[in-house]
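Working notes, structure below.
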Amino acid sequence: MGASISLDGISHRYKPGASTVLEGIENQIGSGECAVLIGRSGCGKSTLLHMMAGLLLPSEGCVRINGRQVVRPSAKWNMMFQKPSLYPWMNVRQNVGLGLEFAGTGKAEVRDKVDQLLDLVGLADSSTVNVQSLSGGQQQRVALARSLATHPDVLLLDEPFSALDAFTRASLQQEVTAICRARGITLVTVTHDIDEAILMADRVLIMTRNPGRIENEMAVPLPWPRDTASSSFQGHRRALMDQFEQSDGVTPLPEPESDRVRFRRVSNG
Amino acid sequence: MKAATSPAAIAAPRQSGPGLLNRLQPVTYPLAGIAVMLFVWWLGGEYIASNPDTMIFASFAPGPTFVALWNMLGQASLWDAIGASLYRIGAGLFWGCLLGVPLGILVGYFTTARQMANVPFQFLRMVSPLAWMPLAVMIFDSWNGAIVFLILMASLWPILFSTAHGVKRIDPGWFKVARNLGASGPQMLRRIILPAVMMDMMAGIRLAVGVAWVVLVPAEYLGVTSGLGYAINDARDTLDYSALAAVVLVIGVIGYALDGLCGMLMRRFNWQLEG
Ligand SMILES: Nc1ncnc2c1ncn2[C@@H]1O[C@H](COP(=O)(O)OP(=O)(O)OP(=O)(O)O)[C@@H](O)[C@H]1O
Ligand SMILES: [Mg+2]
């Protein structure tokens with residue numbers, strides 16, 4: 004089951020008197036929607052995502068999930084980070100079942116659910132393996148299964164694939180979106196990566212910094228699963244890049260030129 | 605790793621008796637070290653025996669000591685002394701853990717607690733546990749209780765500081781994920797914090813055992829009529845120097861064994877993958 008997220012007039016300073024990190028954030032994310040937050044480093048993407056997870060309270064405004072204000076973390080809206088943060092003193096199975104264990108779920112039920120999830124993320128053979136011996140991609144899969152175990156309505160991803168190699172990243176991007184779409188989970192992904200945004204989004208929210216605002220947004224009405232080589236994908240990619248540069252042009256920072264060259268080169272190759 | 609193994613690999617073919625020698629390889633140097641220690645001991649004994657001023661202490665030498673040790677091993681009094689000492693150190697360590705671990709977690713987890721505790725704890729830590737003796741004697745109505753208290757004061761700080769250090773080092777991501785998965789306070793403590801700091805805690809306990817064992821002997825010089833410290837004092841009073849040396853030997857061996865036990869426990873609780 005999904006859940007709608009509403010960002011109601013969120014502004015934030017980490018300390019009274021410090022600079023404004025987020026200002027006047029106002030947006031609705033529909034139930035089951037795949038939204039992507041994109042923006043330069045430091046524009047407050049992680050800050051906003053932590054607020055949706057209930058790990059941080061905004062200094063003004065609030066996050067509502069299904070109309071109810073988020074004031075604390077809950078296993079029903081789950082966040083994944085760039086680092087998998089698995090617990091090395093637990094094996095794969097114990098890591099995945101942890102949320103269920105916290106909720107007091109019976110042993111047999113935990114066992115069944117964990118088996119299903121390990122199957123889903125392709126780690127059925129590794130259930131008793133030490134998590135430290137897994138590759139980065141496998142560790143993120145365990146973290147994904149762990150997040151899914153508590154049947155969350157909302158999945159919040161903070162650049163969870165950015166440390167992975169291109170192949171692993173591509174397959175995980177596809178899998179996560181497919182899983183969330185199949186289960187109707189509302190997905191919010193934070194990224195720097197334009198391709199990742201087009202690959203995963205129903206809608207891309209473009210953030211600018213100093214202070215962090217949602218400056219623009221763009222719908223991506225492409226069919227699933229998405230083909231990065233298709234011309235419609237490339238078209239959306241270019242459109243997003245233009246939008247991004249336009250929005251970014253608002254902030255007086257002298258680097259867009261170099262970034263542009265880098266983006267273009269990627270699209271040629 | 606490579607640099608350490610290759611010289612051994614080169615040297616290996618030169619060994620004449622490959623089977624036995626190779627198997628003895630890991631203990632060769634430790635045995636040599638023990639041999640050197642015994643030799644120095646023996647040399648000291650010879651010197652003392654040859655000097656007319658110190659001749660009466662000649663039974664400190666290895667020969668008489670081992671004879672005395674052999675005799676003592678058959679007597680209940682030695683085992684009683686060992687039992688009494690082990691009980692005191694066990695009780696002291698128990699209280700040290702009971703206070704040190706929660707306090708360490710508190711100080712490691714809460715910045716306010718850390719800032720408040722820093723000066724008092726660093727100050728108290730620098731006071732020799734034995735300095736508490738007069739106070740302990742006043743507070744506790746038995747000498748036994750007083751000694752256990754001294755062991756507690758000796759073992760508290762290593763356990764407390766190691767645990768606090770471990771908690772401070774915990775990956776903040778582990779806390780975030782656990783909170784996100786709906787962990788309650790006790791669940792966080794039991795499933796995340798305690799396992800995460802287990803290694804540091806054990807390292808602290810190992811240090812504590814070392815300090816406590818060292819403090820125990822002088823503590824037992826006072827008041828009590830049991831334990832290894834008392835046995836040393838008793839042997840001195842009866843001028844039984846070979847027995848005195850034998851007790852020193854026993855103290856050293858037990859201390860070594862206790863440390864080895866802690867090392868074993870540390871390996872048992874180590875969740876870090878080697879290599
Ligand atoms: N705990 C904190 N205390 C004070 N300031 C913070 C804290 N966390 C982040 N900030 C500041 O808030 C701003 C936004 O940070 P945030 O991590 O949300 O950015 P981001 O968009 O996620 O960046 P990146 O893409 O590099 O991850 C930055 O200027 C950062 O310095
Ligand atoms: Mg971030």
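Residue numbers (our numbering), protein chains in the order written: chain A, 4 to 272; chain B, 605 to 879.
We put the beta carbon where it would ideally sit given N, CA and C, even for glycine.
Bear in mind the structure is a predicted one, so any value in this text is a computation, not a measurement.
Continuous alpha helix (DSSP H) stretch holding residue i: start and end
{"i": "S9/A", "result": "Not the alpha helix (DSSP H): S9/A falls in the beta strand (DSSP E), residues 8-16."}
{"i": "R96/A", "result": "95-99"}
{"i": "T716/B", "result": "715-729"}
{"i": "D841/B", "result": "832-841"}
{"i": "R871/B", "result": "845-873"}
{"i": "G827/B", "result": "No alpha helix (DSSP H) holds G827/B; DSSP gives it neither H nor E."}
{"i": "G139/A", "result": "139-152"}
{"i": "L734/B", "result": "From DSSP, L734/B is part of no alpha helix (DSSP H); its letter is neither H nor E."}
Separation of residue j from residue i, as counted between CA atoms
{"i": "L624/B", "j": "L739/B", "result": "58 Å"}
{"i": "I809/B", "j": "F873/B", "result": "13 Å"}
{"i": "V631/B", "j": "L877/B", "result": "26 Å"}
{"i": "P255/A", "j": "A222/A", "result": "Bear in mind that the predicted position of P255/A carries a pLDDT of just 40, short of 50, making it unreliable; the figure below should be weighed with that in mind. Taking the straight line from one Cα to the other gives about 26 Å."}
{"i": "G5/A", "j": "S759/B", "result": "54 Å"}
{"i": "L869/B", "j": "R206/A", "result": "54 Å"}
{"i": "R263/A", "j": "S88/A", "result": "Since pLDDT at R263/A reaches only 42, below the 50 mark, its modelled position is unreliable, and the value read off the structure follows with that caveat. If you take the alpha carbons of R263/A and S88/A, they lie about 34 Å apart."}
{"i": "G786/B", "j": "G102/A", "result": "7 Å"}
{"i": "S261/A", "j": "E248/A", "result": "Confidence at S261/A is low in this model, with a pLDDT of 44, below 50, so the placement of that residue is unreliable and no value is reported for it."}
{"i": "A839/B", "j": "P706/B", "result": "41 Å"}
{"i": "L159/A", "j": "D128/A", "result": "27 Å"}
{"i": "P880/B", "j": "L843/B", "result": "The requested residue 880/B does not occur in the structure, where chain B is confined to residues 605 to 879."}
{"i": "L832/B", "j": "L703/B", "result": "26 Å"}
{"i": "V821/B", "j": "G856/B", "result": "11 Å"}
{"i": "R71/A", "j": "L58/A", "result": "16 Å"}
{"i": "F643/B", "j": "L728/B", "result": "41 Å"}
{"i": "Y860/B", "j": "T153/A", "result": "49 Å"}
{"i": "D841/B", "j": "L764/B", "result": "39 Å"}
{"i": "D863/B", "j": "V741/B", "result": "29 Å"}
{"i": "L60/A", "j": "G27/A", "result": "15 Å"}
{"i": "E218/A", "j": "P762/B", "result": "54 Å"}
{"i": "A847/B", "j": "G789/B", "result": "55 Å"}
{"i": "M730/B", "j": "A639/B", "result": "37 Å"}
{"i": "V828/B", "j": "M93/A", "result": "47 Å"}
{"i": "A56/A", "j": "S233/A", "result": "35 Å"}
Residue from the options whose Cα sits closest to the Cα of residue i
{"i": "G33/A", "options": "Q97/A, E104/A, I188/A", "result": "I188/A"}
{"i": "N81/A", "options": "L52/A, C65/A, L208/A", "result": "L52/A"}
{"i": "P155/A", "options": "A78/A, S49/A, A146/A, I201/A", "result": "A78/A"}
{"i": "G42/A", "options": "D196/A, V191/A, D230/A, M203/A", "result": "D196/A"}
{"i": "R229/A", "options": "L208/A, V179/A, G140/A", "result": "V179/A"}
{"i": "W683/B", "options": "A835/B, D841/B, W875/B", "result": "A835/B"}
{"i": "M210/A", "options": "R240/A, E63/A, E162/A, G47/A", "result": "G47/A"}
{"i": "G696/B", "options": "M806/B, G827/B, N837/B, A750/B", "result": "A750/B"}
{"i": "C183/A", "options": "Q142/A, T171/A, G215/A, S150/A", "result": "S150/A"}
{"i": "T2/A", "options": "T153/A, M83/A, G64/A, L58/A", "result": "The requested residue 2/A is not part of the displayed model; chain A covers only 4 to 272."}
{"i": "I900/B", "options": "L862/B, A823/B, L764/B", "result": "Here chain B comprises residues numbered 605 to 879, so residue 900/B is not present and cannot be evaluated."}
{"i": "G140/A", "options": "T153/A, T131/A, V124/A, S130/A", "result": "V124/A"}
{"i": "L10/A", "options": "M93/A, V66/A, A204/A", "result": "V66/A"}
{"i": "K288/A", "options": "P776/B, A807/B, M742/B", "result": "Past the boundaries of the shown model lies residue 288/A; chain A is included only from 4 to 272, so the question cannot be answered."}
{"i": "F753/B", "options": "V819/B, P762/B, R795/B", "result": "V819/B"}
{"i": "S250/A", "options": "R216/A, S22/A, H239/A", "result": "R216/A"}
{"i": "A812/B", "options": "G700/B, L734/B, M676/B", "result": "G700/B"}
{"i": "Q278/A", "options": "S130/A, V132/A, A166/A", "result": "With chain A covering 4 to 272 only, the question about residue 278/A has no answer from this structure."}
{"i": "G12/A", "options": "L25/A, D198/A, E29/A", "result": "E29/A"}
{"i": "E36/A", "options": "P224/A, V74/A, A21/A, T171/A", "result": "P224/A"}
{"i": "G694/B", "options": "T669/B, N748/B, N722/B", "result": "N748/B"}
{"i": "G814/B", "options": "V771/B, L690/B, R773/B, W875/B", "result": "L690/B"}
beta-carbon residue i near ligand 2 non-hydrogen atom, thresh 7 Å
{"i": "E63/A", "result": "no"}
{"i": "V191/A", "result": "no"}
{"i": "E162/A", "result": "yes"}
Continuous beta strand (DSSP E) stretch holding residue i: start and end
{"i": "R783/B", "result": "Element bounds for R783/B: not the beta strand (DSSP E) but the alpha helix (DSSP H), 776-784."}
{"i": "Q119/A", "result": "Taken as a continuous stretch (DSSP letters only), Q119/A belongs to no beta strand (DSSP E), being part of the alpha helix (DSSP H) at 110-123."}
{"i": "W92/A", "result": "Here W92/A belongs to no beta strand (DSSP E), and DSSP marks it neither H nor E."}
If you measure from each residue's Cβ to the nearest non-hydrogen atom of ligand 1, which ones come out under 5 Å, in chain order? Y17/A, V24/A, S44/A, G45/A, C46/A, G47/A, K48/A, S49/A, T50/A
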